[in-house]
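Here is the structure we will look at.
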Amino acid sequence: MIDFKINSQPNDESCGPTCLHAIYQHYGLDISYEEVANGVESFLSGGTVAPMLGKHALQLGFKAALYVNNLQLYDPTWFNSDGSSNTDVLREMLMQQMRYKRNQYLARGTHAVLDFLTLGGTIYFRCLTAEILKEYFARQTPILAGLSSTYLYNCSRELFNKEGKSRSDNIRGRPCGHFVILCGYNQKHRLVVVADPYKKNPVSGDNYYAVSIHRLINAIMLGVVTRDGNLLIIEPKNAYAAKTK
Numbered sequence: 001m002i003d004f005k006i007n008s009q010p011n012d013e014s015c016g017p018t019c020l021h022a023i024y025q026h027y028g029l030d031i032s033y034e035e036v037a038n039g040v041e042s043f044l045s046g047g048t049v050a051p052m053l054g055k056h057a058l059q060l061g062f063k064a065a066l067y068v069n070n071l072q073l074y075d076p077t078w079f080n081s082d083g084s085s086n087t088d089v090l091r092e093m094l095m096q097q098m099r100y101k102r103n104q105y106l107a108r109g110t111h112a113v114l115d116f117l118t119l120g121g122t123i124y125f126r127c128l129t130a131e132i133l134k135e136y137f138a139r140q141t142p143i144l145a146g147l148s149s150t151y152l153y154n155c156s157r158e159l160f161n162k163e164g165k166s167r168s169d170n171i172r173g174r175p176c177g178h179f180v181i182l183c184g185y186n187q188k189h190r191l192v193v194v195a196d197p198y199k200k201n202p203v204s205g206d207n208y209y210a211v212s213i214h215r216l217i218n219a220i221m222l223g224v225v226t227r228d229g230n231l232l233i234i235e236p237k238n239a240y241a242a243k244t245k
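Set out below in structure tokens:
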């Protein structure tokens, strides 16, 4: 298991910047949470998406890769047979799609992906498996996951007010997205270790817990409902990149 530390998120919409800040701290980068939170792009309605977090990391000199599953934004035929992508082809397909699909969230998300690619990020469309997670854990690389907290926690859907605060409502509520850090895998019991910025989560009431690989993968895939459904891999360009900034 990776020795990983995470702080609790200060409000209901800050899970993304909190996770990103924890990754920076893990790599030894001296940066405050406030600087990260103020620098990460977000939607006008609140919240952010993985490409926006990846952009921030790329701008600080890190490498960043996305594993995506959202069929609202990506078409499987845009990718190579091994799940890799050609940046120029992917950029062209995304721009063509925007001409026909004029959803504001899709457009904002697409622009974030285009910026991510321009800054040097890479995108993969691969079947999500335990092997992918284990590959990065073996390199001591934490994984930032965008997923459905409603499914992960097995809890009620939620309503948000104008201030961005949520409350449970199993009739009028909507499923919620969330960011967590994956930082280890128990092969024998097939459990993934999660560092969760939401300390009051119903799984453990703590920032750390283990969850079934099956439930985790389902939660990630269902994250597409809330514009999530992805893995973001952030790594220094070399062993000392983060230390020397």
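For the sequence shown, the residue numbers in UniProt numbering are 1 to 245.
No residue lacks a Cβ here, since even glycine has one placed at the ideal position from N, Cα and C.
In this structure, Ser14 and Asn207 do not form a Cβ contact; the two beta carbons are roughly 14 Å apart against a cut-off of 8 Å.
The three-state reading of DSSP puts Tyr124 in strand, counting E and B together.
Between Asn80 and the set Gln72, Leu73 and Leu90, the nearest pair of CA atoms involves Leu90. With a minimum length of 4 residues, the unbroken runs of alpha helix (DSSP H) contained wholly in the region 70 to 136 fall at 87 to 100 and 104 to 118. With contacts defined as CB atoms closer than 7 Å, Tyr185 and Val192 qualify as a contacting pair.
The count of Cβ pairs closer than 8 Å, one atom from the region 221 to 230 and one from the region 143 to 151, reaches three, so the stretches are in contact.
Beta-bridge partners of Val224 (DSSP): none assigned.
Contact between Leu106 and Leu73 is confirmed by a C-beta separation of about 7 Å, below the 8 Å threshold. Taking 3 residues as the minimum length, the beta strand (DSSP E) runs contained wholly in the region 179 to 228 are 191 to 195 and 208 to 212, in order along the chain. Boundaries of the beta strand (DSSP E) around Val68: Phe62 to Val68.
Glu235 sits close to Thr141, with the two beta carbons spaced by under 7 Å. About 5 Å separates the beta carbons of Leu159 and Gly173, which is inside the 8 Å limit, making them a contact pair.
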